[in-house]
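If you count the sequence shown from 1, you need to add 5 to reach this note's numbering.
Note that beta-carbon positions come from the ideal geometry of N, C-alpha and C, so glycine has one too.
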Amino acid sequence: MEKQRLCSVINHHYQTEIPQEIAAKIEAKIGDELIWDYDETSATIFIIKKPQSFTRELEGLGKEIWEKHDATSYIREERTSWED
């Protein structure tokens with residue numbers, strides 16, 4: 006995937022526009038919210054479109070961890086170890 010660098014200008018109200026190409030890629034609509042995050046270590050700003058539901062966005066995350074294991078047995082073993 007080729008990185009694309011686009012620029013926007015901060016106006017006198019400290020506002021900026023999302024470049025049209027980026028807005029199209031994230032399927033941005035009027036009223037959508039963006040989450041701005043700043044990483045002090047790398048001095049990098051991250052902007053992501055706020056999902057309608059964080060739960061739905063995270064659903065299934067890490068499921069491959071349990072493909073070779075029985076989750077119920079694992080939990081039982083862990084709980085048993087707490088009793089010692």
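Please name the residue or residues paired with residue i in a DSSP beta bridge.
i, result
"TRP41", "ILE52"
Specify, as a first and last residue, the run of the alpha helix (DSSP H) that residue i falls within.
i, result
"GLN25", "25-30"
"TRP87", "76-87"
"THR21", "That residue, THR21, is in no alpha helix (DSSP H); it is neither H nor E in DSSP."
"ARG61", "59-63"
With C-beta atoms as the reference, is residue i less than 8 Å away from residue j?
i, j, result
"ILE53", "ILE35", "no"
Mind reading off the beta-carbon distance from residue i to residue j? Whole number of angstroms is fine, and I expect it under 8 Å.
i, j, result
"GLU38", "LYS55", "4 Å"
"ILE27", "THR21", "Between THR21 and ILE27 the Cβ distance is about 11 Å, and since that is not below 8 Å, they are no contact."
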